[in-house]
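Enquirer: So the number in the numbering used here is just where the residue sits in the sequence shown, counting from 1, plus 31.
C-beta: ideal position from N, C-alpha, C; glycine also.
Supplied in structure tokens, the structure appears directly below.
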Amino acid sequence: MAEHLAQIFGTEKDRVNCPFYFKIGACRHGDRCSRLHNKPTLSQTILMTNMYQNPEAIAAAAAAAGGVAPAPMDPRQMQEHFEDFYEDIFEELANFGELEGLNVCDNLADHLVGNVYVKYKEEECALAALNALSGRFYSGRPILCEFSPVTDFRESTCRQYEENTCTRGGYCNFMHLKPISRNLRKVLFGRYKEKSSRRDRDEGGDRDRDRGRDRDRDRDRDRGDDRDRERGHGGGE
Numbered sequence: 032m033a034e035h036l037a038q039i040f041g042t043e044k045d046r047v048n049c050p051f052y053f054k055i056g057a058c059r060h061g062d063r064c065s066r067l068h069n070k071p072t073l074s075q076t077i078l079m080t081n082m083y084q085n086p087e088a089i090a091a092a093a094a095a096a097g098g099v100a101p102a103p104m105d106p107r108q109m110q111e112h113f114e115d116f117y118e119d120i121f122e123e124l125a126n127f128g129e130l131e132g133l134n135v136c137d138n139l140a141d142h143l144v145g146n147v148y149v150k151y152k153e154e155e156c157a158l159a160a161l162n163a164l165s166g167r168f169y170s171g172r173p174i175l176c177e178f179s180p181v182t183d184f185r186e187s188t189c190r191q192y193e194e195n196t197c198t199r200g201g202y203c204n205f206m207h208l209k210p211i212s213r214n215l216r217k218v219l220f221g222r223y224k225e226k227s228s229r230r231d232r233d234e235g236g237d238r239d240r241d242r243g244r245d246r247d248r249d250r251d252r253d254r255g256d257d258r259d260r261e262r263g264h265g266g267g268e
């Protein structure tokens, strides 16, 4: 029985636990969901809900409310807008530790729009980021931050979106992860690795200097002991 429950946990066959929350860290039913949302107490991944202000989503919301939509952006402007946001938050998030992934949803559904998923190499780094970011604001809006059960994004992303064949559009229930340019990815993740490598070298240099100082102190102590012994011998003759 226990083995069977373990096998179906987080799948459609699991009538107790929500498979969408388990795979995506979000569910369109929210608190009204008939299945459990098992929120982790610690994870490598943190979720910042609705953080990215997607221009397309803002325009759609304005139109739905009968308001005046902002001037439309062309695809190049939208990508620049997104990459400015991505670079800005990457720089801040990297202060807490090594990032394994930074993913932003391009979906338009309320439970996924603008969601930012940050996966750290170490859980302790994710905890430090969560504690530091909770209660802060970004672009005048509070950062809503929590641990996410998602650690393998291959299970949560829409493969059809990656192949440009998804027929559900922005309201698909699987993640449509907005891509950044290969050059920006190389710059950001490469810069962190370079910074981390430099920090390791500095720490190694500090340890070498400390060991060198310890050796110098030991040599000075040995010389002092030798001189004391010589004086003792001289006084006895």
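Checking 8 Å against the spacing of the C-beta atoms, do Ser74 and Phe178 come in under that value?
Expert: Cβ distance < 8 Å, so Ser74 and Phe178 count as in contact.
Enquirer: What would DSSP say about Tyr192, mapped onto helix, strand or coil?
Expert: Three-state DSSP puts Tyr192 in a helix.
Enquirer: Let me know the secondary structure DSSP gives Lys217 once reduced to three states.
Expert: Helix at Lys217.
Enquirer: Look at the Cβ atom of Phe116, then the Cβ atom of Leu133, and state whether they are nearer than 8 Å.
Expert: No; because the gap between Cβ atoms is not below 8 Å, this pair is not in contact.
Enquirer: Would you say the region 177 to 191 touches the region 82 to 98, given that touching needs at least three Cβ pairs under 8 Å?
Expert: Too few Cβ pairs lie closer than 8 Å, so no.
Enquirer: Who are the Cβ neighbours of Ala100 in its own chain at under 6 Å, not counting the five residues just before and after it?
Expert: Closer than 6 Å at the Cβ level, and outside the excluded window around Ala100, lie Ala90, Ala93, Ala94.
Enquirer: Would a C-beta distance cut-off of 8 Å place Phe53 and Asn204 closer than the cut-off?
Expert: The answer is no: Cβ separation not under 8 Å.
Enquirer: For Arg190 and Asn138, what's the separation of their Cα atoms in angstroms?
Expert: Taking the straight line from one Cα to the other gives about 14 Å.
Enquirer: Using only the alpha-carbon positions, how far apart do Asp119 and Thr72 sit?
Expert: If I take the Cα positions, the gap works out to 27 Å.
Enquirer: Put Cys156 into one of helix, strand or coil per three-state DSSP.
Expert: DSSP places Cys156 in helix when its eight states are reduced to three.
Enquirer: With distances taken Cα to Cα, identify the nearest neighbour of Lys1 among Glu129, Lys152, Arg172.
Expert: An answer regarding residue 1 cannot be provided, because it is not within the stretch 32 to 268 covered by the chain.
Enquirer: Shorter than 8 Å from the beta carbon of Pro106 to some beta carbon of chain C?
Expert: Reference to chain C is not applicable here, since this structure consists of a single protein chain.
Enquirer: From Lys150 to Ala157, what distance separates their C-alpha atoms?
Expert: Straight-line Cα distance between these residues: approximately 7 Å.
Enquirer: Contact defined as beta carbons within less than 8 Å: I believe Ala160 pairs with Leu124. What is the distance between those atoms, to the nearest angstrom?
Expert: Yes, Ala160 and Leu124 are in contact; Cβ-Cβ is about 6 Å, under 8 Å.
Enquirer: Using the Cβ count rule (16 or more neighbours within 10 Å means buried), how would you classify Asn146?
Expert: Classification of Asn146: buried, given that the 10 Å Cβ count is 16 or more.
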